[in-house]
Every structure is written in structure tokens, then in C-alpha cells.
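Engineer: Sending over a structure as C-alpha cells; questions will come in a sec.
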Amino acid sequence: MPKSWSRYLTPGPAHRRLGLVCLGVGTSTGRLATQTARTLDCYALVLVSRGGGRLRFGGQDFTLSAPTLFWLLPGVEHGYAPEGGGWNEWWVTFDGDAARGYQTLGYIPKENPVAPLAEVAPLEAAFTMLARACRSEHPDTDVDAAVALHHVIATTRRCVMPSSIADMPVLAALLRDACLPITIKTHARNLNIPEAELRDATRRAAGCSPKEFVLRARLSRAKDLLATTDLPVAAVAMRVGYDDPAYFTRLFTRRTGTPPGRFRQLEKP
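Under the working numbering, the residue at position 134 of the sequence shown is numbered 117, and the numbers go up by one with no gaps.
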């Protein structure tokens, strides 16, 4: 007989405004029941730490072999079944605008739902922390569960085997040269890869385009310079790759909500 534990939560409207809510969490071991075709109204994450089986997701079939995880998306029909001696699993169901944000950033895949794990212990520890948060009858349980759930989702990124060993060096190169006044096309040429490959690698690793990744790096560097130096705004603009200080000021204001001079007044000691 399988051994299992589960806990379900019912977050209120105020909890949902936090952006991420945990709806249920559980763990099971042994010969588990087959989940036939069904469709969820929320997201789910299942960690398989021992054993194996199969998953059918959106009309595609996948083989599962521990350690691995798979995601279930709202509105996508799926079914799964442990095989042999069964499997050990952790699962969580969740929803909210933050979940859709994680999907946009690439933490939750839109297509292939299965991800083999390079290591499983950190993710098991994160699930244990989530389960501990959900055991409490305290009024803060839903907030504590949301915090722990963020940690679970973030930990999946660190535990998943990279889809391409080249992805991280690509990001490192973009960060190194982010403040140079060069185009994305030049970045790709410097990396000796096609521009399309650069876009794909950046999106896989960072969940955004190379242009967006470089822009965020430039603005973060600009904030550092504004907060820690007395450089004029025009000099800061030049340092982060913009030879037109007026354009830099408009861009900085649009993306941060605060003009560079005002940001300096608020942040500089």
C-alpha cells in the first residue's frame, strides 16, 4: 500500500493579490494510482525522486525516470502512471500571476514539461519546507506557504540539468560586454554564433531576449553608478553604453519609474 500525506489550502482574495498561492501539497511513496486523462484549472509540479513511469501531456508521451520533475499546466489534458514498483513523489498545486511570470521567464516550460534533475536533495528540502509551512493552523499559513512555494520554483532552476552547456557562458559573455556600445548582432558575432542561436540560448537560460538581458544589466550598472559615485548623468550614460544622455534619461525613467537624478537623490548616502 502506498504511504501518503497531503494538505490543501484555500487562500483568500487578499492572498491571491500576493501573486502566488499554494493550493495543495503532498508526498507519496510506493505503488501509486494511475492518473487518467484530466485537465487542471491551476499549475502543478511533481517531483519523482525514485522509480519511474510515463506521462501523457497535451497528446505527447514522455518516459519518466527518477530523479526528474514534470510540470502540469492549466487547461492542458494529461495523465501519468508509475510503473514497476511505483515511485516516490512530492507534488504541489498552485496558481497566480506570479506563476504565469515564472512561465514567461522559463522556469515553468510551455512545451516539454519533463526535466531530468542534476541533483535532487535541494528540491526535496524545499518541498519539506513547503510541507512544514502548510502543516500549521496559524493565520499566516497561506503567506508562509507562498514564500516557501517561491523557493520551490526557484530551486527547480538550480536542480534541473541545463538544456545546453553553452547557455551559461553565453550569459556570462553578454554580461561582460553589456555596457559596450554594440548591437546584439555584434554580440552574436563576437560569440561566433548565429544571432538566432544567441536569442534561443538567452531565452532558455534567462527567459528573455538578449536585448532585454543586456538592457537590464545596463540599467542595474547605471543604478550602481548613480548611487555610489558623483559622476554626471551624461557620464553614467556613457559608462553603460549610451552616447545620448537624453535618450538614456528617457529610457531609465520609463523602465524604473524614476529619473536618474531623482534616483540618485533617493539612494545616494
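Ideal Cβ positions, reconstructed from N, Cα and C, are used throughout, including at glycine.
Treat the numbers as computed from the prediction; the structure is a model and nothing was measured.
Enumerate in chain order the residues of its own chain whose CB-to-CB distance from residue 119 is below 8 Å, with the five nearest sequence positions on each side excluded.
Structural biologist: For the purposes of this step, residue 119 is identified with residue 136 of the sequence shown, where counting begins at 1. Within the same chain, residue 119 has close Cβ partners 127.
Engineer: What residue range is occupied by the uninterrupted alpha helix (DSSP H) comprising residue 160?
Structural biologist: Residue mapping note: residue 160 aligns to position 177 of the sequence shown, counting from 1. Run containing residue 160: none; DSSP gives neither H nor E here.
Engineer: Who are the Cβ neighbours of residue 181 in its own chain at under 6 Å, not counting the five residues just before and after it?
Structural biologist: Here residue 181 refers to the residue found at position 198 of the sequence shown. For residue 181, where only same-chain residues beyond five positions count, the Cβ hits under 6 Å are 171 and 193.
Engineer: For the pair the region 64 to 81 and the region 20 to 27, tell me if three or more CB-CB distances fall below 8 Å.
Structural biologist: yes
Engineer: Could you check if residue 212 is buried or exposed, using at least 16 other CB atoms within 10 Å of its CB as the buried criterion?
Structural biologist: Locating residue 212 in the sequence shown gives position 229, counting from the first residue. By the neighbour-count rule (16 or more Cβ atoms within 10 Å), residue 212 is not buried but exposed.
Engineer: With DSSP as the reference, label residue 203 as helix, strand or coil.
Structural biologist: Numbered from 1 along the sequence shown, position 220 holds the residue referred to as residue 203. Helix at residue 203.
Engineer: Less than 8 Å between the beta carbons of residue -8 and residue 6, yes or no?
Structural biologist: For the purposes of this step, residue -8 is taken as the residue at position 9 of the sequence shown. For the purposes of this step, residue 6 is taken as the residue at position 23 of the sequence shown. In this structure, residue 6 lies closer than 8 Å to residue -8 by Cβ.
Engineer: Please specify which runs of the beta strand (DSSP E), each continuous and at least 3 residues long, are wholly inside the region 163 to 187, giving them in chain order.
Structural biologist: You should have found no qualifying run.
Engineer: Comparing C-alpha positions only, which one of 107, 138, 111 and 68 sits nearest to residue 17?
Structural biologist: Counting from one through the sequence shown, the residue named residue 17 turns up at place 34. The candidate whose alpha carbon is nearest that of residue 17 is 68.
Engineer: Does the beta-carbon of residue 54 have 16 or more other beta-carbons within 10 angstroms, so that it is buried, or is it exposed?
Structural biologist: The residue given as residue 54 occupies position 71 in the sequence shown. Under this definition residue 54 is a buried residue.
Engineer: State the DSSP-derived secondary structure class of residue 209, mapped to helix, strand or coil.
Structural biologist: Walking along the sequence shown from the start, residue 209 turns up at place 226. Reduced to three states, the DSSP call for residue 209 is helix.
Engineer: For a minimum of 4 consecutive residues, which ranges assigned as the alpha helix (DSSP H) are wholly contained in the region 10 to 97?
Structural biologist: Listed in chain order, the complete alpha helix (DSSP H) runs (minimum 4 residues) inside the region 10 to 97 are 80 to 87.
Engineer: On the three-state DSSP scale, how would you describe residue 251?
Structural biologist: By 1-based counting over the sequence shown, the position of residue 251 is 268. Coil at residue 251, not helix or strand.
Engineer: Going by beta-carbon coordinates alone, are residue 162 and residue 201 separated by less than 8 Å?
Structural biologist: On the sequence shown, position 179 is the one that residue 162 refers to. On the sequence shown, position 218 is the one that residue 201 refers to. Yes, these two residues count as a Cβ contact at 8 Å.
Engineer: In the DSSP assignment, what are the bridge partners of residue 8?
Structural biologist: One-based indexing of the sequence shown puts residue 8 at position 25. Answer is -10 and 75.
Engineer: Relative to the alpha-carbon of residue 178, which residue among 12, 198 and 157 has its alpha-carbon at the smallest distance?
Structural biologist: By 1-based counting over the sequence shown, the position of residue 178 is 195. Nearest to residue 178 by alpha-carbon distance, out of 12, 198 and 157, is 157.
Engineer: DSSP three-state call for residue 99: helix, strand or coil?
Structural biologist: Here residue 99 corresponds to residue number 116 of the sequence shown, with the count starting at 1. Note: residue 99 maps to strand in three-state DSSP.
Engineer: Per DSSP, which residues does residue 143 bridge with? Please list them.
Structural biologist: Along the sequence shown, read from residue 1 onward, the residue named residue 143 stands at position 160. 100, per the DSSP bridge assignment.
Engineer: Would the beta-carbon of residue 251 fall within 8 Å of that of residue 220?
Structural biologist: Against the sequence shown, residue 251 aligns to sequence position 268. Against the sequence shown, residue 220 aligns to sequence position 237. Against a cut-off of 8 Å, the Cβ pair of residue 220 and residue 251 comes out as no contact.
Engineer: Just tell me which of 39, 222, 85 and 101 has its CA closest to the CA of residue 64.
Structural biologist: On the sequence shown, residue 64 is found 81 positions in, with the first residue counted as 1. Answer by Cα proximity: 39.
Engineer: Looking at the secondary structure, which residues open and close the alpha helix (DSSP H) in which residue 230 lies?
Structural biologist: Start at 1 with the first residue of the sequence shown, and residue 230 comes out as number 247. Element bounds for residue 230: 228 to 239.
Engineer: Under 8 Å, do residue 88 and residue 52 count as touching if we go by C-beta distance?
Structural biologist: By one-based count along the sequence shown, residue 88 stands at place 105. By one-based count along the sequence shown, residue 52 stands at place 69. Cβ atoms of residue 88 and residue 52: not closer than 8 Å.
Engineer: On the premise that residue 143 lies in contact with residue 188, defined as a C-beta separation below 8 Å, what is that separation, rounded to the nearest angstrom?
Structural biologist: In the sequence shown, the residue the question calls residue 188 occupies position 205. In the sequence shown, the residue the question calls residue 143 occupies position 160. Going by Cβ atoms, the distance from residue 188 to residue 143 rounds to 11 Å, so no, they are not a contact pair.
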